[in-house]
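One structure is given below, encoded as structure tokens.
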Amino acid sequence: MMSGDIASAPILTYHSISNAPGPTSIPPAVFAAQMDAVAESGVAVAGLDAIERWLEGKERFSRRTIAITFDDAFEDFAAAAFPILKKRGFRATVFAPTARLGGAENWSGANAAPRRLMDWATVRALAAEGVDFGSHARTHPDLTTLGGAALEEELSGSRRDLEDQIGRAVRHFAPPYGRSNSAVREAIARHYSLSAGVRLGEARHSSPIFDLPRIEMHYYRNIGLWRGFLEGRGGVYLQSRRAARSIRNAAFRAFGQGA
Ligand SMILES: [Zn+2]
């Protein structure tokens, strides 16, 4: 860590901004209140490119800095999230499962009433407006169940799909379900420069750049808690969420239920 630098940078995880049920939808009014709190707190919002340079020690941040990411490229990002981000000048990265765009979520763990994903015209329009896109694989599989050519196609194919459409280099990845193992991370590293997982925590210089922790925003629907987090007072609550999550994950494993 360089002097005048921060110790950690939270990378926020969102999915759908809508009133759909479940932990992967956050109501537009709650999202707007969370972003208002960011603006009022004086916390800076950086793109993942800047976070990557910071992680590599090539850039320093003089004040608390966050990045904002959206998994799955839900269609509601365009109408519900982007105007709120744009108004405040906040950058964001959308991780898109490229072979599913223009359709609806249809993967294991999807909502019973599938939410629509954005189509390529929307991806291109948002990219032209300055939204960053990363890959969330092609078909949203659990990458740890794949190997060889199938894994390769999910990783290199999705990057090619995005680069062909938006005409920009795509260097950032988020594995579906946050699931990876050392073989998957080695494969990701051949195609991308950074990968964001779902371990709960703030990114630090010591964090593995191919399995960066993130902050699941489902836990911060309460705006009072969220303001505390922005002021750097979120440590105890975060620890309690992390503990609850590891107990739940252990129970899932014990009963053979996948995440
Ligand atoms: Zn996903």
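Position one of the sequence shown corresponds to residue 151 (our numbering), numbered consecutively onward.
For glycine and all other residues, C-beta sits at the position ideal for the given N, C-alpha and C.
Check                                                                                                                                                    : Outcome
Quickly, what does DSSP pair D199 with across the bridge? List them, please.                                                                             : Note: D199 sits in no beta bridge, so no partner.
So for G307, helix, strand or coil by DSSP?                                                                                                              : helix
Let me know the secondary structure DSSP gives T243 once reduced to three states.                                                                        : strand
Could you name the residues that DSSP lists as bridge partners for F181?                                                                                 : F181 pairs with nothing; no bridge assigned.
Just to confirm, does Y164 get its C-beta within under 8 Å of one of the non-hydrogen atoms of ligand 1?                                                 : no
Got a sec, what are the start and stop residues for the beta strand (DSSP E) S285 sits in?                                                               : D282 to S285
Between which two residues does the alpha helix (DSSP H) holding S345 run?                                                                               : Not the alpha helix (DSSP H): S345 falls in the beta strand (DSSP E), residues L344 to L350.
By DSSP, does S168 sit in helix, in strand, or in coil?                                                                                                  : coil
Tell me whether P291 counts as near ligand 1, meaning its Cβ is closer than 8 Å to at least one heavy atom of that ligand.                               : no
Contact defined as beta carbons within less than 8 Å: I believe R274 pairs with I316. What is the distance between those atoms, to the nearest angstrom? : 6 Å
Kindly indicate the opening and closing residues of the alpha helix (DSSP H) around P160.                                                                : That residue, P160, is in no alpha helix (DSSP H); it is neither H nor E in DSSP.
Say yes only if the C-beta of F227 is nearer than 8 Å to one or more non-hydrogen atoms of ligand 1, and no if none qualify.                             : no
Identify the residues that DSSP records as bridge partners of E366: which are they?                                                                      : T163
CA-CA distance, A333 and T289?                                                                                                                           : 19 Å
As a quick exercise: from L388, L380, F283 and I373, pick the residue whose alpha carbon is nearest that of A179.                                        : I373
Tell me the rounded alpha-carbon separation between I201 and A217.                                                                                       : 7 Å
Report the three-state DSSP secondary structure of D226 (helix, strand or coil).                                                                         : helix
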